[in-house]
Amino acid sequence: MVSRLVLGCGTVGQNLVEAIADGPEDLLVVDDAESRIEALRDEKVSATCDDPTDSEVVAESAENPDLVVVADADSEVNRAASELAAEQFPEAYLVAYAGEEPTADQRFALSATADRVVDSTEAVAQQVLTVALGEHAVRTANLRRTLRGVDGTLAVFMHDNPDPDAIASAVALCRVAAETGVDAEACYFGEISHQENRAFVNLLDLDLRNFESASEFDLSEFGGVALVDHSRPGVNDQLPDDTPIDVVVDHHPPKEPVDARFVDLRSDVGATSTLLAEHVQRLGIDLSEAVATGLLYGVRVDTKDFAREVSTADFEAAAYLLPRADTAVLDRVESPSVSADTFETMARAIRNRRLDGTVLASCVGKLADRDALAQAADQLLAMDDVTTTLVYGFKDGTVFVSARARATDVDLGETMRAAFGQIGSAGGHADMAGAQIPLGLLGEVEAEEEASLTTVVSEVITDRFFETIQSTPDADYAPGGEASFDATVLEPEN
Numbered sequence: 033m034v035s036r037l038v039l040g041c042g043t044v045g046q047n048l049v050e051a052i053a054d055g056p057e058d059l060l061v062v063d064d065a066e067s068r069i070e071a072l073r074d075e076k077v078s079a080t081c082d083d084p085t086d087s088e089v090v091a092e093s094a095e096n097p098d099l100v101v102v103a104d105a106d107s108e109v110n111r112a113a114s115e116l117a118a119e120q121f122p123e124a125y126l127v128a129y130a131g132e133e134p135t136a137d138q139r140f141a142l143s144a145t146a147d148r149v150v151d152s153t154e155a156v157a158q159q160v161l162t163v164a165l166g167e168h169a170v171r172t173a174n175l176r177r178t179l180r181g182v183d184g185t186l187a188v189f190m191h192d193n194p195d196p197d198a199i200a201s202a203v204a205l206c207r208v209a210a211e212t213g214v215d216a217e218a219c220y221f222g223e224i225s226h227q228e229n230r231a232f233v234n235l236l237d238l239d240l241r242n243f244e245s246a247s248e249f250d251l252s253e254f255g256g257v258a259l260v261d262h263s264r265p266g267v268n269d270q271l272p273d274d275t276p277i278d279v280v281v282d283h284h285p286p287k288e289p290v291d292a293r294f295v296d297l298r299s300d301v302g303a304t305s306t307l308l309a310e311h312v313q314r315l316g317i318d319l320s321e322a323v324a325t326g327l328l329y330g331v332r333v334d335t336k337d338f339a340r341e342v343s344t345a346d347f348e349a350a351a352y353l354l355p356r357a358d359t360a361v362l363d364r365v366e367s368p369s370v371s372a373d374t375f376e377t378m379a380r381a382i383r384n385r386r387l388d389g390t391v392l393a394s395c396v397g398k399l400a401d402r403d404a405l406a407q408a409a410d411q412l413l414a415m416d417d418v419t420t421t422l423v424y425g426f427k428d429g430t431v432f433v434s435a436r437a438r439a440t441d442v443d444l445g446e447t448m449r450a451a452f453g454q455i456g457s458a459g460g461h462a463d464m465a466g467a468q469i470p471l472g473l474l475g476e477v478e479a480e481e482e483a484s485l486t487t488v489v490s491e492v493i494t495d496r497f498f499e500t501i502q503s504t505p506d507a508d509y510a511p512g513g514e515a516s517f518d519a520t521v522l523e524p525e526n
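This is the structure we're talking about:
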């Protein structure tokens, strides 16, 4: 099956065919010059000597290709071939070379049919390769195709209590959907409580829809559902776990297979915002300053200012976004006021810390602001001789856990899954992870019993974490003693 079709093959076409011929997808070139076809065949490229502007030839050349490139030297040939390709393969991503001397009418006609028109100015072949035929170009074409198939409004869900990467990614995906003619809403459950995240949303005036509970969500209101910065309904969101998903864009490694019409899941990049920036750039979408600023902040936060799990793609995304972003707004976002509740949580984390070797754990008890846990875990990691921190508390019948690590051989995400995956949901990155664990019957204690609940939770969570760290091969850990616990205490009711 041909997935990439080249119609017309002038000098530009030959250059790009040479560059992409060794790719994994099937390629077919159609051109009417015998000498070029023979040369391509000598290079083991599948090529047909025929008229790329003949409707029957185009129709029979491929069946539903992902990508069509029109690259003849003659602008009129490109115009005619583009119109045929657009009619025959409406779902394909169509890239057209303008030709050597295009008229104004030819340029207009190409712009009306092609997804992207590449001019004959400087470095033409390189532009085609980097913008249209890069490693993930077909993925972008498939995203566009999937969005076009949504009949109605697309609900773009972030994970619960979203962070800047999730927020920015959702808003950017809504912008991509709008470009394809689909209305979209950026949605989330829970609350945005971290002061920096609230400042982020308010200063950029981002349009978000909050569902306070699962009962407020009505699937029939939407034509489709997308997930960003997480990959499964019902896991870290309050959607029914059987919700059909159209689009998933995420950078976290999944615990189970991801089921959606379109999936872009790349754990080798540092932020979901990086993936959205790539799609936006490849589609040639003009971003507003607010969306560009949001994506740049999402990349910076999730890579910890390019110091954590950063990839070349993250740097490239930032380079693309920086000239379009408002850095003055970012300065204001990163210097918000801190609530008294946050300071109190951090103080309790310091007072209640329990150190075992280089691993520190602390229970802060009942939570007012769950996002304060991450700040406390970050702050405690700065203590001398501490390489791993775990800070947790409980709220609304759930224990929330935040963990951080540095200079250690422990994969924190895997460790959290091993420790808490059987009694709750857990996961994350090698140096930053979290968990949510239902309290079950324990969540129904009266206010005067809060101290005893704190003691029980502390014994289970801390001991379970220490024991899991101890059992990790080659961990940078010096245990201070054996840990024991009852793993059934926090299991939810059936």
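Going by our numbering, the first residue of the sequence shown is number 33, and it counts up by one from there. All C-beta atoms in this analysis are idealised placements derived from N, C-alpha and C, irrespective of residue type, glycine included.
Would the beta-carbon of residue i fall within 8 Å of that of residue j?
i: Thr-390; j: Thr-420; result: yes
i: Leu-72; j: Ala-65; result: no
i: Val-127; j: Arg-148; result: yes
i: Glu-132; j: Ala-94; result: no
i: Val-102; j: Leu-39; result: yes
i: Gly-429; j: Val-396; result: no
i: Tyr-129; j: Val-77; result: no
i: Arg-496; j: Met-464; result: no
i: Ser-245; j: Gln-270; result: yes
i: Glu-115; j: Thr-135; result: no
i: Val-257; j: Phe-189; result: yes
i: Phe-140; j: Pro-196; result: no
i: Thr-325; j: Ala-351; result: no
Pull up the CB-CB distance for residue i and residue j, whole angstroms please, since I reckon it's below 8 Å.
i: Val-61; j: Val-49; result: 6 Å
i: Val-365; j: Glu-228; result: 6 Å
i: Phe-432; j: Leu-413; result: Phe-432 to Leu-413, Cβ: 18 Å. No contact.
i: Val-279; j: Ala-202; result: The pair is not a contact, with the Cβ atoms about 11 Å apart (cut-off 8 Å).
i: Arg-402; j: Asn-193; result: 7 Å
i: Leu-37; j: Pro-122; result: Rounded, the Cβ-Cβ distance is 14 Å, inconsistent with contact.
i: Ser-394; j: Ala-381; result: 4 Å
i: Glu-217; j: Arg-241; result: 5 Å
i: Ala-400; j: Asp-373; result: 4 Å
i: Ser-434; j: Gly-466; result: 5 Å
When the cut-off is 8 Å and only beta carbons count, does residue i lie next to chain C?
i: Asp-291; result: Looking at the structure shown, chain C is missing, and only one protein chain is on hand.
Quick one: grab the DSSP three-state call for residue i.
i: Met-464; result: strand
i: Asp-346; result: helix
i: Ala-393; result: strand
i: Arg-386; result: strand
i: Glu-525; result: In this prediction, Glu-525 has a pLDDT of 35, which is less than 50 and means its spatial position is unreliable; what the coordinates show is noted afterwards. Reduced to three states, the DSSP call for Glu-525 is coil.
i: Ser-434; result: strand
i: Arg-241; result: strand
i: Phe-221; result: strand
i: Val-38; result: strand
i: Leu-362; result: helix
i: Ala-112; result: helix
i: Ser-457; result: strand
i: Arg-264; result: coil
i: Val-77; result: coil
i: Arg-340; result: coil
Would you kindly work out how many angstroms separate the C-alpha atoms of residue i and residue j, rounded to a whole number?
i: Gly-302; j: Asp-410; result: 18 Å
i: Asp-346; j: Gly-472; result: 41 Å
i: Ala-209; j: Leu-387; result: 49 Å
i: Leu-236; j: Gly-266; result: 29 Å
i: Ser-87; j: Gly-213; result: 28 Å
i: Leu-175; j: Asp-300; result: 19 Å
i: His-226; j: Val-100; result: 46 Å
i: Asp-363; j: Leu-353; result: 16 Å
i: Val-170; j: Asp-215; result: 23 Å
i: Gly-17; j: Leu-142; result: Since the first residue shown for the chain is 33 and the last is 526, residue 17 is missing from the structure and cannot be characterised.
i: Gly-222; j: Pro-355; result: 33 Å
i: His-191; j: Val-109; result: 48 Å
i: Ala-187; j: Gly-255; result: 8 Å
i: Gly-456; j: Asn-268; result: 11 Å
i: Gly-316; j: Ser-252; result: 32 Å
i: Ala-292; j: Leu-485; result: 40 Å
i: Glu-529; j: Asp-250; result: The first residue shown for the chain is 33 and the last is 526, placing residue 529 beyond what the model contains.
Can you tell me whether residue i sits near the ligand COA, meaning its C-beta is under 7 Å from at least one heavy atom of the ligand?
i: Ala-351; result: Ligands displayed in this structure: none; no statement on the ligand COA is therefore possible.
What does a CB cutoff of less than 6 Å around residue i pick up in its chain, not counting 5 residues either side in sequence?
i: Arg-449; result: Ala-458 and Gly-459
i: Ala-91; result: Gln-120
i: Glu-480; result: With a pLDDT of 46 at Glu-480, under the threshold of 50, the modelled position of this residue cannot be trusted, and the question is left open.
i: Ile-493; result: Tyr-424
i: Ala-113; result: Leu-39, Gly-40, Pro-84, Thr-85 and Val-102
i: Asp-183; result: Gly-255
Ignore the nearest five residues each way along the sequence and tell me which others in residue i's own chain have a CB closer than 8 Å to its CB.
i: Leu-308; result: Ala-200, Ser-201, Ala-204, Leu-205, Val-208, Val-260, Val-281 and Leu-327
i: His-461; result: His-284, Arg-340, Glu-341, Leu-444 and Gly-445
Spatial neighbours of residue i within its chain, please: C-beta separation below 7 Å, excluding the five flanking residues on both sides.
i: Val-290; result: Ser-263, Arg-264, Val-280 and Leu-297
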